[in-house]
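Below is one structure, written out as structure tokens, with a few remarks after it.
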Amino acid sequence: MAANYISPISMDALSSLCGELGKNNRVKPSDFDKYHVKRGLRNEDGTGVMAGLTRICSVEGYYILDGERIPKEGKLSYRGYNIKDIIDGCVNGGRFGFEEVAWLLIFGELPTQDQLHAICEVFGECRTLPDEFIEDMIMKHPSKDIMNKMARCVMSLYSYDENPDDISVANVLRQSLQLIAQFPTMMNSAYQVKRRAYYNKSMYLHPIKKELSTAESILRLLRADKFYTEDEARLLDICLMLHADHGGGNNSTFSTRVLTSSGTDTYSAITAGLGSLKGPRHGGANIKVAHQMDYVIENLDDSTNDKQVYDMLVKILNKEAGDGSGLIYGMGHAVYTLSDPRAVILKQSAKKLAIEHGFEKEFLTLDAIERLTPKAFADVKGVDKPMCANVDLYSGLVYKVLGIPEDLYTPLFASARIAGWCAHRLEEITTSSRIMRPAYKSVTKPRDYVDLSNR
35 MAANYISPIS MDALSSLCGE LGKNNRVKPS DFDKYHVKRG LRNEDGTGVM
85 AGLTRICSVE GYYILDGERI PKEGKLSYRG YNIKDIIDGC VNGGRFGFEE
135 VAWLLIFGEL PTQDQLHAIC EVFGECRTLP DEFIEDMIMK HPSKDIMNKM
185 ARCVMSLYSY DENPDDISVA NVLRQSLQLI AQFPTMMNSA YQVKRRAYYN
235 KSMYLHPIKK ELSTAESILR LLRADKFYTE DEARLLDICL MLHADHGGGN
285 NSTFSTRVLT SSGTDTYSAI TAGLGSLKGP RHGGANIKVA HQMDYVIENL
335 DDSTNDKQVY DMLVKILNKE AGDGSGLIYG MGHAVYTLSD PRAVILKQSA
385 KKLAIEHGFE KEFLTLDAIE RLTPKAFADV KGVDKPMCAN VDLYSGLVYK
435 VLGIPEDLYT PLFASARIAG WCAHRLEEIT TSSRIMRPAY KSVTKPRDYV
485 DLSNR
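Throughout, the working numbering is defined as the position within the sequence shown, counted from one, plus 34.
Here is the structure:
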């Protein structure tokens, strides 16, 4: 068991300090309206404040007609190509697609056969971490949280780079390709060490097979017997393609671009993306969905019965059930209205394998939650507006079907999104020459300094 650090700050002291902190750190809600502040960088209709332009990714869920927001079926495009067409092309062509998507996001065009072969070779060569890195950076300091450990690993890679601060396009491209390849290796190594340190279980650090795709490599490294089926690897590959990017405005990508605008190094910028994605309001949401699904199944006689599920959803919204938050996780999205194309594709892709692996009840439970939540929301909240399932509703089930432990749900998301982060960092470097610096208005009144003896 890993040793725990005991803080010298007592809980009594913290309680007192928090009381002091609370006196001067609350801004009146009315002040936000008074000064026309768009909290969360959101407009009044819930749309995002326009903060930049990008050629990398487009997220569409509505259109504006005569000033009114009109819902439409969701569409996700990488470099102008519909994600559904990209996935269909890879599946029908019998090839793994994440590497193809990574090339597309970074370079802006679909790769030729030779280009695809080249980037697959580069990723294969770069998957191995530097000598002694796993022993020195991961095994000696196990972490309870894999995302935090991956962040530490990324920052540590700065020390192994002979030219870490050079932000020329060529150097950042080199760093980006290496990080995309190394993320799954870091993720698995951190998890295996956690298994030993915190779960008292065996850890497996298999040698890297350079010729495998990213999806195949992840499953092979994760499993003790290194065995996986073709269908399993294909399903994981679809997940990686769907999670590779989601526009410049999502929190983790925006964080990466903000740090990039300051001129900082690649490792610092990507670590910011990891820190953001870890949050339960962002990449950590799929874990919330998994817990919610388990709760519904455990507390209903039949979680596939519509009436029982509807009644449970009403209780959750009324904060009488679930985690008490009043939230139904996996439902609703900031942009998508009628449908989230990622959720649609995942649901279709996962159904067969879920049933074959004995997860039919879980699949039907999520299907019921997806169908019944809009009605429950309208009945409880009195708001009748389109509400669709988002990608998190089904991604957790997909990982469960694939035998991926909950510890890796968000890190796996990061292992795909790193491709998008790097693409956006490169675009920020080549496009913008200004540091991002939005305004904050101080609402504190001037005060006269008081000498210490008079306080």
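Every residue gets a Cβ at the ideal spot worked out from N, C-alpha and C, and that includes glycine.
{"Check": "At least 3 beta-carbon pairs within less than 8 angstroms: the segment 297 to 306 vs the segment 268 to 281", "Outcome": "no"}
{"Check": "Assigned exposure category for H70 - 16 Cβ within 10 Å defines buried", "Outcome": "exposed"}
{"Check": "Near the ligand GDP: T162 beta-carbon under 7 angstroms from a heavy atom", "Outcome": "Absent from the structure shown: the ligand GDP. Ligands present: none."}
{"Check": "First and last residue of the uninterrupted beta strand (DSSP E) at L110", "Outcome": "102 to 112"}
{"Check": "Beta-carbon proximity list for N197, same chain, < 8 angstroms, skipping 5 on both sides", "Outcome": "N205"}
{"Check": "Cβ shell of H325 (< 6 angstroms), same chain only, five flanking positions each side left out", "Outcome": "none"}
{"Check": "Start-to-end residues for the beta strand (DSSP E) that takes in Y97", "Outcome": "91 to 99"}
{"Check": "Beta-carbon proximity check, A377 vs V135, cutoff 8 angstroms", "Outcome": "no"}
{"Check": "Three-state secondary structure (DSSP) of A303", "Outcome": "helix"}
{"Check": "Alpha helix (DSSP H) runs wholly inside the segment 388 to 465, at least 4 long, in chain order", "Outcome": "394 to 415, 425 to 435, 443 to 465"}
{"Check": "Presumed contact (8 angstroms Cβ cut-off) between G281 and S92, rounded CB distance", "Outcome": "7 angstroms"}
{"Check": "One or two residues paired with L225 in a DSSP bridge", "Outcome": "Note that residue 225 is Tyr in the sequence shown here, rather than Leu. In the DSSP output, where bridge partners are listed per residue, Y225 has none listed."}
{"Check": "Pairwise C-alpha distance: A85 and E102", "Outcome": "21 angstroms"}
{"Check": "Beta-carbon proximity of S247 to E133, cut-off 8 angstroms", "Outcome": "yes"}
{"Check": "According to DSSP, residues forming a beta bridge with N116", "Outcome": "S111"}
{"Check": "Buried/exposed call for G158, threshold 16 Cβ in 10 Å", "Outcome": "buried"}
{"Check": "Touch test, the segment 187 to 197 against the segment 231 to 247, Cβ-Cβ under 8 angstroms, three pairs minimum", "Outcome": "no"}
{"Check": "Y262 versus A215 - alpha carbon distance", "Outcome": "20 angstroms"}
{"Check": "Inter-residue spacing [alpha-carbon to alpha-carbon] between A355 and L213", "Outcome": "42 angstroms"}
{"Check": "Cβ pair count under 8 angstroms reaching 3, the segment 167 to 185 against the segment 251 to 271", "Outcome": "no"}
{"Check": "Closest residue to D374 among K183, L51, S49, E94 (Cα-Cα distance)", "Outcome": "E94"}
{"Check": "Range of the contiguous alpha helix (DSSP H) that encloses M45", "Outcome": "45 to 57"}
{"Check": "R570 - partner residues in DSSP beta bridges", "Outcome": "Residue 570 lies beyond the stretch modelled for the chain, which goes from 35 to 489, so this question has no answer here."}
{"Check": "Distance CB(F393)-CB(A249) smaller than 8 angstroms", "Outcome": "no"}
{"Check": "Sequence-distant residues of its chain with Cβ nearer than 7 angstroms to I121 (five each side left out)", "Outcome": "G131, I272, M275, I379"}
{"Check": "Distance CB(T407)-CB(M365) smaller than 8 angstroms", "Outcome": "yes"}
{"Check": "K381 burial status per 10 Å Cβ neighbour count (16 or more: buried)", "Outcome": "buried"}
{"Check": "Whether H458 touches I90 by CB criterion (8 angstroms)", "Outcome": "yes"}
{"Check": "Burial state of Q209 (16 or more Cβ within 10 Å)", "Outcome": "buried"}
{"Check": "Distance between K118 and L110 (C-alpha atoms, nearest Å)", "Outcome": "8 angstroms"}
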